[in-house]
Amino acid sequence: MSLSTKLMPQNSRAATTSRVFLLILRLRIFLALFAVLVYFAVTTDRFLTINNLLIMAQHITIFGILSIGMTLVILMAGIDLSVGSIVGFAGMAAGYLIMEGIPIGDHVLFLSVPSVIVVTCLIGLVIGLVNGLLITYLNVAPFIATLGMLYVIRGAALLSNDGSTFSSLAGYEELTNTGFFFLGTGTVLGIGTPVWILAGLTGLAIVLAQKTPLGRYIYAIGGNESAAVFSGLPVRRVKLFVYAFSGFCAAIVGLIVTSQLHTAHPMTGDTYELRAIAAVVLGGTALAGGRGTIIGSVIGACVISILNDGMVMSGISNFWQMVIMGMVIIFAVVVDQAQQRLEKRVLVSI
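Okay, so the sequence shown: first residue is 2 according to our numbering, each after it adds one.
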């Protein structure tokens, strides 16, 4: 028997083992979701109660919506650190419009709730567009541009009411601007309004990323921006759209959180950007860009939210929660790098 004949079965077994490990790595987000659900269901008596599941659903919708916008940004090899501040500013903008109105000369214009929602979403979109302009036309690194915007927008949120909150956002019957709470706590066909919003945005983003030329442009730019430029792709316009969409998603989250709390607070959304990034990375999107899925990020948001709520119910200290969350992010990046190396090895063996 020749040496090559002896090596063939061994090589075949090694290739099969590599493919099995690769499959496990690709399914890691589903395995992680199953693991956290089982662990907290076994260790915490109140974890699977109706009230707790409703609370977790609220948190999942918040970070799920943020992760959708963040996924498109990271797919393009970018980053958006300003989304948490946009959440807070959007809430304050909605609170101001409902409680104070828009002064026009000697009169004050009070908008209806649908108009408040539209204006607030446009504000988030414009902030995201400014991020895109800084990155595309002034060549500011995405990390620096969005980090600076994080401070600018958070400061603007604090200045909007001298650091105070807008409380009791029920509106005024005589001004016909009531009904804001429905956005965060209402139900349609027995399902919470935020869940419908998350489902709608998820479907829209999946179609955009997988079925449209814009989605293919986003993946191409993330995979190799220089090649995309030489191929004649509208790189600048795509980047502007993606950052504007991220700001739009953050504004929606700000509206939902403010509606749920019945109060607009300028510090709402603090550190939300880190959890959104963690959800996206955990969901399998490569920080280098060009690889990832919307549904993976939404499931990643489920894992992050369930992990956070489970740690709170288990009585784990806030300090340890920060440590564990940081370890999860690092572990997710390490696993992603291992998956990339294993994929290359499997391709070479074929």
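Even glycine gets a Cβ: it sits at the ideal position worked out from N, Cα and C.
Predicted model, so just to flag it, every value in this text is computed and none were measured.
Is the distance from the Cβ of residue i to the Cβ of residue j below 8 angstroms?
i, j, result
"residue 87", "residue 224", "no"
"residue 297", "residue 30", "yes"
"residue 137", "residue 82", "no"
"residue 267", "residue 184", "no"
"residue 177", "residue 113", "yes"
"residue 26", "residue 322", "no"
"residue 288", "residue 23", "no"
"residue 210", "residue 68", "no"
"residue 76", "residue 220", "yes"
"residue 270", "residue 85", "yes"
"residue 240", "residue 133", "yes"
"residue 265", "residue 188", "no"
"residue 357", "residue 259", "Outside the modelled stretch of the chain, which goes from 2 to 351, sits residue 357, for which no answer is possible."
"residue 214", "residue 257", "no"
"residue 94", "residue 63", "no"
"residue 236", "residue 222", "yes"
Can you tell me whether DSSP reads residue i as helix, strand or coil?
i, result
"residue 207", "helix"
"residue 179", "coil"
"residue 21", "helix"
"residue 235", "coil"
"residue 78", "coil"
"residue 9", "Low per-residue confidence applies at residue 9: pLDDT is 48, beneath 50, and the placement is therefore not dependable, though the value from the model is reported in the following sentence. Helix."
"residue 167", "strand"
"residue 317", "coil"
For residue i, does the count of other Cβ atoms within 10 angstroms reach 16, so buried, or fall short, so exposed?
i, result
"residue 155", "buried"
"residue 52", "exposed"
"residue 143", "buried"
"residue 129", "buried"
"residue 5", "Here the model assigns residue 5 a pLDDT of 49, short of 50, so the residue's position is not dependable and the matter cannot be decided."
"residue 2", "Reliability fails at residue 2, whose pLDDT of 48 lies under 50, so the model's placement of it is uncertain and the value that follows must be treated cautiously. So residue 2 counts as exposed."
"residue 333", "buried"
"residue 231", "exposed"
Nearest-angstrom Cα distance between residue i and residue j?
i, j, result
"residue 98", "residue 92", "10 angstroms"
"residue 168", "residue 96", "8 angstroms"
"residue 9", "residue 280", "With a pLDDT of 48 at residue 9, under the threshold of 50, the modelled position of this residue cannot be trusted; read the value that follows with caution. Answer to the nearest angstrom: the Cα atoms are 41 angstroms apart."
"residue 74", "residue 330", "18 angstroms"
"residue 278", "residue 295", "13 angstroms"
"residue 90", "residue 255", "7 angstroms"
"residue 300", "residue 34", "8 angstroms"
"residue 47", "residue 319", "19 angstroms"
"residue 261", "residue 192", "15 angstroms"
"residue 157", "residue 252", "15 angstroms"
"residue 284", "residue 275", "14 angstroms"
"residue 243", "residue 70", "7 angstroms"
"residue 172", "residue 107", "21 angstroms"
"residue 312", "residue 197", "27 angstroms"
"residue 55", "residue 45", "16 angstroms"
Could you spell out the range, first to last residue, of the beta strand (DSSP E) harbouring residue i?
i, result
"residue 108", "108-110"
"residue 214", "From DSSP, residue 214 is part of no beta strand (DSSP E) but of the alpha helix (DSSP H) over 214-224."
"residue 115", "Taken as a continuous stretch (DSSP letters only), residue 115 belongs to no beta strand (DSSP E), being part of the alpha helix (DSSP H) at 114-137."
"residue 300", "It is not in any beta strand (DSSP E) - residue 300 instead sits in the alpha helix (DSSP H) that spans 295-314."
Considering residue i, what are the terminal residues of the alpha helix (DSSP H) in which it resides?
i, result
"residue 143", "143-160"
"residue 87", "84-100"
"residue 105", "That residue, residue 105, is in no alpha helix (DSSP H); its beta strand (DSSP E) goes 103-105."
"residue 276", "273-283"
"residue 29", "29-44"
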